[in-house]
Amino acid sequence: MAMATSACQALLLFMAFAAAVLMSTASGTLQYNFYSSTCPNAEQAVRDATTMIISDDPTMGAALVRLFFHDCFVRGCDASILLDQSNSNPQPEKLAIPLRGYSAVDAIKAAVEAVCPGVVSCADILAYAARDSAMVSGGFSFPMPGGRRDGAASNLTDIFGSLPAPNMQVQALVQSFANKGLSAGDLVALSGAHSFGVTHCSFVTPRLYPAADPTLNATYAAALEQACPQGGAGGTVLNNNNFSDPNRLSNQYYRNLAAGEVLFTSDQTLTTDATTNKMAQDNAADPVGWMARFAGSMVKMGGIQVLTGHQGEIRRVCSATNSGS
């Protein structure tokens, strides 16, 4: 059994590595082991800091993956989601949606700066931290190419039309991902990240009131109504894995999907299309296969509209441009 597990892990690593190298050679932009000569300990520094952060607060794994997703879908993977309000960015992206994990990214950046000042971009740090969150919270690892540089602009209006919404139907979701160069398979694989983390009642109540969505499992719907009463203040509820481990990244999401025990319309709608439903069923039945697909899709997402070479900059701190304006 141990040998079989090792073989599966080796296969997963090989498939993810192939995806990373393919991105590097096909695009000519991102490279595996990008900092091998300029900062050989960069990825280890990110990994050590990320592991410590999630060990102290297990909810941070999901927060870091979500930050990476939001960053890449809005303006590309350029760390624009991390910028604070400033004269040149009076309405940055982070004002639009309440996300967690900014202080964690700052801590990881500080750890890397202590090793190699001014070398590693915040965009790469966020990509590596998301990768390492999968390792800590999901038990699997994969290579992530580097070479991204940091952008100077962040505007909350760029979010509208860029991010898929929790009330979207499957065809709109597929198109949203296609707009970023991602496939329906990437959509389904990355949706597995909804197996961990938390959400707000405001995203759940549209499925509960005035009448519960009939695609919801009745017992699950009743539990959600207890957590998010109609007319309530709108607190925070746990995720699709409430009944197992809400801080564990796993393929349990797909089994919950089949049972009608998922939070968002954008989750349940994956079962309404024959193609995406078959993908979800395959991910439910094959945890190692899902890990490989998730890894490949994370790498692919990490290549969206990247700044490379002499574009952008390497920020000294992730929350501000080097000019400070």
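So for the sequence shown, this note's numbering puts the first residue at 24; every next one is plus one.
Just so it is clear, CB atoms sit at the ideal spot from N, CA and C, and this is done for glycine as well.
Rounded to the nearest whole angstrom, the CA to CA distance from S225 to L122 is 14 Å.
Taking 8 Å as the upper bound for CB-CB distance, I131 and E116 are not in contact here, some 19 Å apart.
For I182, the closest of S111, H93, A127 by C-alpha to C-alpha distance is H93.
Under the three-state reduction of DSSP output, H333 falls in the coil class, being neither helix nor strand. In terms of Cβ geometry, C341 and C62 do not form a close pair [threshold 9 Å]. Between A176 and N112, the gap from beta carbon to beta carbon is short of 9 Å. A315 and S156 have their C-alpha atoms some 15 Å from each other. With respect to A212, N306 sits close: the two C-beta atoms are nearer than 9 Å.
Burial state of S289 is buried, judged by a 10 Å Cβ sphere holding 16 or more other Cβ atoms.
Given a length threshold of 4 residues, each whole run of the alpha helix (DSSP H) inside the stretch 120-170 is given here in chain order: 125-138, 145-161. Cβ-Cβ separation between V128 and A152: approximately 7 Å, consistent with a contact (criterion under 8 Å). Assigned with DSSP and collapsed to three states, T295 falls in helix. Residue pairing for D173: DSSP places it in a beta bridge opposite E336. Under the three-state reduction of DSSP output, V322 falls in the helix class. With contacts defined as CB atoms closer than 9 Å, V322 and P81 fail to qualify as a contacting pair. Around Q328, the same chain offers G99 as residues with beta carbons nearer than 6 Å, after the five sequence neighbours per side are excluded. Contact between the stretch 240-258 and the stretch 187-205 is absent: fewer than 3 CB-CB pairs across the two stretches fall below 8 Å.
One thing to note: Y232 has its Cβ within 9 Å of the Cβ of Q253. Secondary structure note for E284: it is in no alpha helix (DSSP H), with a DSSP letter that is neither H nor E.
Closest in alpha carbon position to F287, among A235, E136, I337, is A235.
As for any alpha helix (DSSP H) of minimum length 4 sitting wholly inside the stretch 173-255, the runs are 193-201, 207-214, 224-227, 241-250, ordered along the chain. Taking 4 residues as the shortest admissible run, the stretch 44-104 contains the following complete alpha helix (DSSP H) segments, listed from N- to C-terminal end: 65-79, 83-96.
Within its own chain, the residues whose Cβ lies closer than 6 Å to the Cβ of T295, once the five positions on either side in sequence are excluded, are V193, listed in chain order. With a beta-carbon spacing of about 12 Å, C251 and V221 fall beyond the 8 Å limit used to define contacts. Going by beta carbons, D71 and A343 fall outside the 9 Å limit. Excluding sequence positions up to five before and after C95, its CB lies within less than 6 Å of the CB of M324, I327, all in the same chain and listed in chain order.
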